[in-house]
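Colleague: Numbering of the sequence shown is given in this note's numbering, commencing with residue -18 and proceeding in unit increments. Mind having a look at this structure? Questions to follow.
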Amino acid sequence: MSSFEHRESQNPKHSTDQHPTINTQTVILGAGPGGLQLAASLQSSGRDYLVLDAAAAAGDFFRHYPRHRKLLSINKIHTGCDDPETNLRWDWNSLVPEPGSPMFSDHSEEYFPDADALVSYLRDFAEHHKLQVTYGVRITCIERRGGGFALTSAQGHLYLCERLVVATGVSKPHSPKIPGIELAECYSKMSVDAADFAGQRVLIMGKGNSGFETADHLTPTTSLIHIVSPTPVKLAWKTHYVRHLRAINNNFLDTYQLKSQNAILDAAVRSIDKTAEGKFRVELAYYHADSEVEPIEYDRVLVCTGFLFDVSIFADNCKPQLTECGRLPAQTCEWESVNVPGLFFAGTLTQARDYRKAASPFVHGFRYNSIALNRVLEHRYHGQAWPSTELSDDPNAMSTATLDRLNSSSAIWQLFGFMCDVIAIEPDHKSLRYFKDVPRDYVLEGRLRARACFLVTLEFGEMQPDPFRVDRKPHPQTAADSSLLHPVVRHYEHGKLVGECHLLEELFAEWTKTETHHVPLRRFFEVELTDFRQSTGGKSGTRKSRKTTGPVDRPTVV
């Protein structure tokens, strides 16, 4: 008997009531990858939970999207590395496994796999771990009840929980407020048969991957394609943000720059009207063109402007506040709603905390957020400390441990600048604790309760105008000028930055060199510990952040 069946059988209403009430500690709404990763973590912790999903099986979103079925997430099987954690740096679809767990590579060997392979994998993962998921449950209302939540399903079932984790993703198509927008076709409903567009003039609204994915698909059959939005194209290879335009979808750029009848327009769509001949007259207000306004006729207008979080099922007493962009729920550093206590978020919704920076919109990013969220819940509700190990206060041992993690961790690799490792100085100033995969804001906002600590991250430096022509300074004393991914170790005391060390970037992203990496980091730890213990006596508020540009008798410190 499953734990869910046990909860039902213990409720006397089930023997007489057509619409039973189900009680559980934590409800996870959504059986996508974020919800499944959290469910696996809760199950490993021995907690009471239940996953609810409206579909008939896990991962249903990917049964429909992307519309043209090619995933943006890479599946690199041959890495030359034997370490399972390190290999997750290039496996962007697997959930973080336990020994024996299925891996995405069991379902596809393609570098850019078909979305159906992800659907198959997620269902395999849920079944393998025997996760407590109830399918076919469409929740129509969520309301606050007492200190917890009440969820009502379309079937009339009532689910009561102390905590609610919403992992439904961004499921509502975003429709710009433009006169005549109802005449356009939405990405979620448009035809994916290129023959339906043969010989037609097509306007695509939106310069994200869905817009370019659509344009690439239609280029062979249409007579003309224009892609429009007010902002210029942003290329992932330049911004390092994987949700910006990816190379797999950018063939269309050639057709524009090489004058093949297509164009990319930086313009606002002011209105869409239908002509007597059945065409669509679109008024465009150009940017970078002295405010020129031009009407252009098209046969089709496609809206590929993304999705947003749907708050329609929340009652007024627990409706979560949204971020400024209006697409995501506003969250604390613990992925909790800023205005509804006990309401948490998992999956792609967690990108609100590193919006348009790191990889939280994707499986290879938010899988670590789900694991960290479980640790947050363990600490807040069950008194379990964040897992850590003891570390010698010897600077050489500290440098070795830190570099080992920098060369193997997949979490701080994928969530660069957002997820970190922490070396906390214990109150006796002599012993240390090493914490892995902690959200940086969680530490800086005092949730880890570390009086003094070192934060270890991987970060990109200043963006270069041309990412394929980077001026490098390959010297340890200029490591802070590294533009590519490189280690950064910062020393904080009571939330105040007092020291910062950059290690030089490396072609193979392997920070193993004695003189270039180990020695500067060891010296940094040595200087910082000495200053902390001697010049301040372990007291806060008396030190100033050092802002030097190169080593004097210390490593590179900024």
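Idealized CB from N, CA, C, for every residue including glycine. Quantities reported herein were computed from a predicted structural model and do not represent experimental measurements.
1. State the beta-bridge partners of R144 as determined by DSSP.
2. Could you check what DSSP says for C299 in three-state terms: helix, strand or coil?
3. Run the CB neighbour count on S463, radius 10 Å, all protein chains shown included, and call it buried at 16 or more, exposed below.
4. Go ahead and pull the three-state DSSP assignment for T577.
5. Specify whether the region 6 to 19 and the region 325 to 340 touch according to this definition: at least 3 beta carbon pairs, one from each stretch, less than 8 Å apart.
6. The alpha helix (DSSP H) that contains G16, what's its start and end?
7. With the cut-off set at 8 Å, would you say M186 and L283 are in Cβ contact?
8. Closest to M444 by CA distance: which of A431, A461, L184 and Q365 is it?
9. Mapping DSSP to helix, strand and coil, what is Y92?
10. Mind the definition here: the region 194 to 205 touches the region 148 to 159 only if three or more C-beta pairs lie below 8 Å; say whether that holds.
11. With 16 as the cutoff for other CB atoms within 10 Å, does D34 come out buried or exposed?
12. How long is the line joining the alpha carbons of D418 and L139, rounded to whole angstroms?
13. Would you check if there are 3 or more beta carbon pairs closer than 8 Å linking the region 80 to 92 to the region 104 to 112?
14. Among D402, E474, K494 and P342, which one has its Cα closest to the Cα of L510?
15. If I follow the unbroken beta strand (DSSP E) through E264, where does it start and stop?
16. Give, in chain order, every unbroken run of the alpha helix (DSSP H) that is at least 4 residues long and sits entirely within the region 73 to 122.
17. To the nearest angstrom, how far is the alpha carbon of Q365 from that of E359?
18. How long is the line joining the alpha carbons of S210 and D447, rounded to whole angstroms?
19. Name the two residues that bound the continuous beta strand (DSSP E) containing D439.
20. Let me make sure I understand the geometry here. Which of Y349, V8, T304 and A249 has the alpha-carbon closest to that of V114?
21. Between S351 and S318, what straight-line distance do the alpha-carbon atoms span, to the nearest angstrom?
22. Starting from Y415, follow the beta strand (DSSP E) in both directions and report where the run begins and ends.
Modeller: With the structure as the only source:
1. T7
2. helix
3. buried
4. Coverage of the chain is limited to positions -18 through 539, which leaves residue 577 absent and any answer about it impossible.
5. yes
6. P14 to S25
7. yes
8. A461
9. coil
10. no
11. buried
12. 36 Å
13. yes
14. E474
15. F261 to Y267
16. 96 to 109
17. 5 Å
18. 23 Å
19. One point to set straight first is that residue 439 is Leu, not Asp, in the sequence displayed. From DSSP, the beta strand (DSSP E) with L439 extends over A433 to E440.
20. V8
21. 15 Å
22. L413 to P420
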